[in-house]
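Trainee: Residue numbers (this note's numbering): 844 to 1127.
From the three backbone atoms N, C-alpha and C, an ideal C-beta is built for every residue, glycine too.
Nothing here was measured: the structure is a model prediction, and the numbers come from that model.
Take this structure first; my questions come after.
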């Protein structure tokens, strides 16, 4: 069930004249937080046997793939980019989008934990240096004056939107960023992997209790949404229960969408992954 569709833009987004259309005195992040929390009694339930059935399905497909690969071939590492054809900003030869993406994600992590961003470009570079991402830091340093100024202006817009959108999570929500998931199949011959930009909630055995937030710096909305469904499938395989709700934040425009994860989403994504593994060119 889609709780908030991405179009039309939610009130948090900038209007045509560039002004902000926020409700006075009510941070927009509160709206998103309320949607993520929802009604506990109305949260979707999942078949306890779903995870086992989906894993068996994917194991069969992975073993077929492994059986026709070279014996000494390493693990086939498959993420959303390969499985869904989701080319990201990292795949383009245009330098600026890649730099924006890295910087925005670094600043998003700071916003999640309550940091105040006063100089987006400077703070972003400091965060990347601390994370050891010297490649992006050098990329920014190599820009000429006009290009660096344009990067700063673009970054200011992204962070203004995220500053309004990102909720203030209480410690009890256990927010964790860059949560990496790797699911080995066929004895490790195939590995499905991905990274949650943000997971919140306390894991509970047998109960879907997590929410996942994805951050897009400008990719096509349907593509980014399917990536969240792929990550939900990975979480199902990792813990036995998927996130019950996902949200997608688009920093370039300030819009967001929220939806419940259903068994239909998970089965459809599992079918897509199994079909992809069965393609003749997968084993090349």
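Quick check on the burial criterion: 16 or more other C-beta atoms within 10 angstroms. Buried or exposed for residue 1073?
Mentor: Residue mapping note: residue 1073 aligns to position 230 of the chain shown, counting from 1. Result: buried.
Trainee: By the three-class DSSP mapping on this structure, what secondary structure does residue 1065 have?
Mentor: As a position in the chain shown, residue 1065 is number 222, starting the count at 1. Helix at residue 1065.
Trainee: Skipping 5 residues on each side, what residues in its chain have a beta carbon closer than 6 Å to that of residue 986?
Mentor: Here residue 986 refers to the residue found at position 143 when the chain shown is read from its first residue. Hits under 6 Å: none found.
Trainee: DSSP three-state call for residue 926: helix, strand or coil?
Mentor: As a working note, residue 926 is residue 83 in the chain shown. If DSSP states are grouped into helix, strand and coil, residue 926 belongs with the helices.
Trainee: Closest to residue 941 by C-alpha separation, out of 963, 909 and 983, would be which residue?
Mentor: Residue 941 sits at position 98 when you count from the first residue of the chain shown. Of the candidates 963, 909 and 983, the one whose C-alpha sits nearest the C-alpha of residue 941 is 983.
Trainee: Would you tell me roughly how many angstroms separate the C-alpha atoms of residue 1005 and residue 908, rounded to the nearest one?
Mentor: Within the chain shown, the letter at position 162 stands for residue 1005. Within the chain shown, the letter at position 65 stands for residue 908. So the two alpha carbons sit approximately 41 Å from each other.
Trainee: Check whether the Cβ atoms of residue 923 and residue 1082 lie closer than 8 Å to each other.
Mentor: Numbered from its first residue, the chain shown carries residue 923 at position 80. Numbered from its first residue, the chain shown carries residue 1082 at position 239. The answer is no: Cβ separation not under 8 Å.
Trainee: Between the C-alpha atoms of residue 959 and residue 1103, what's the straight-line distance to the nearest angstrom?
Mentor: Along the chain shown, read from residue 1 onward, the residue named residue 959 stands at position 116. Along the chain shown, read from residue 1 onward, the residue named residue 1103 stands at position 260. C-alpha separation (whole angstroms): 30 Å.
Trainee: Considering only C-alpha positions, which residue in the set 1111, 1106, 1114 and 1117 is nearest to residue 889?
Mentor: Looking up residue 889 in the chain shown gives position 46. Looking at the Cα atoms, 1106 is the closest of the given residues.
Trainee: Taking the CB atoms as reference points, tell me whether residue 1053 and residue 1044 lie closer together than 8 Å.
Mentor: On the chain shown, position 210 is the one that residue 1053 refers to. On the chain shown, position 201 is the one that residue 1044 refers to. Closer than 8 Å, so yes.
Trainee: Beta-carbon within less than 7 Å of residue 1011's beta-carbon, same chain only, minus the 5 sequence neighbours each way: which residues are those?
Mentor: Here residue 1011 refers to the residue found at position 168 of the chain shown. Taken in chain order, the residues that qualify are 872 and 957.
Trainee: What did DSSP end up calling residue 1059 once you bin it into helix, strand or coil?
Mentor: As a first step, residue 1059 is located in the chain shown; it is residue number 216 there, counting from the start. If DSSP states are grouped into helix, strand and coil, residue 1059 belongs with the strands.
Trainee: Is residue 957 helix, strand or coil by DSSP?
Mentor: Stepping through the chain shown from its first residue, residue 957 is reached at position 114. Coil.
Trainee: Is the beta carbon of residue 997 closer than 8 Å to that of residue 943?
Mentor: On the chain shown, position 100 is the one that residue 943 refers to. On the chain shown, position 154 is the one that residue 997 refers to. Closer than 8 Å, so yes.
Trainee: State the beta-bridge partners of residue 1098 as determined by DSSP.
Mentor: As a first step, residue 1098 must be located in the chain shown, where it is residue number 255. According to DSSP, residue 1098 bridges with 1093.
Trainee: Since residue 1109 and residue 1075 are thought to touch, with beta carbons under 8 Å apart, how far apart are those beta carbons, to the nearest angstrom?
Mentor: For the purposes of this step, residue 1109 is taken as the residue at position 266 of the chain shown. For the purposes of this step, residue 1075 is taken as the residue at position 232 of the chain shown. That belief holds up - the Cβ atoms of residue 1109 and residue 1075 are roughly 6 Å apart, short of 8 Å.
Trainee: For residue 1026, report the span of its beta strand (DSSP E) as first-last.
Mentor: As a first step, residue 1026 must be located in the chain shown, where it is residue number 183. Counting along the chain, the beta strand (DSSP E) containing residue 1026 begins and ends at 1019-1028.
Trainee: Find out if the Cβ-Cβ distance for the pair residue 901, residue 1113 is shorter than 8 Å.
Mentor: For the purposes of this step, residue 901 is identified with residue 58 of the chain shown, where counting begins at 1. For the purposes of this step, residue 1113 is identified with residue 270 of the chain shown, where counting begins at 1. In this structure, residue 1113 lies closer than 8 Å to residue 901 by Cβ.
Trainee: Which whole runs of the alpha helix (DSSP H) in the region 966-995 are 4 residues long or more, in chain order?
Mentor: 977-984, all fully within the region 966-995.
Trainee: Looking at the structure shown, is residue 886 part of a helix, part of a strand, or coil, going by DSSP?
Mentor: In the chain shown, counting from the first residue as 1, residue 886 sits at position 43. In this structure, residue 886 counts as coil in the three-state DSSP scheme.
Trainee: What are the start and end residues of the alpha helix (DSSP H) that includes residue 1053?
Mentor: Walking along the chain shown from the start, residue 1053 turns up at place 210. No alpha helix (DSSP H) contains residue 1053, which DSSP labels as neither H nor E.
Trainee: At the level of alpha carbons, what is the spacing between residue 925 and residue 1025?
Mentor: Here residue 925 refers to the residue found at position 82 when the chain shown is read from its first residue. Here residue 1025 refers to the residue found at position 182 when the chain shown is read from its first residue. The alpha-carbon atoms of residue 925 and residue 1025 are separated by roughly 15 Å.
Trainee: Alpha carbon to alpha carbon, how far is residue 875 from residue 948?
Mentor: Stepping through the chain shown from its first residue, residue 875 is reached at position 32. Stepping through the chain shown from its first residue, residue 948 is reached at position 105. Answer to the nearest angstrom: the Cα atoms are 19 Å apart.
Trainee: For residue 825, which of 897, 992, 994 and 1008 has the nearest alpha-carbon?
Mentor: Here the chain comprises residues numbered 844 to 1127, so residue 825 is not present and cannot be evaluated.
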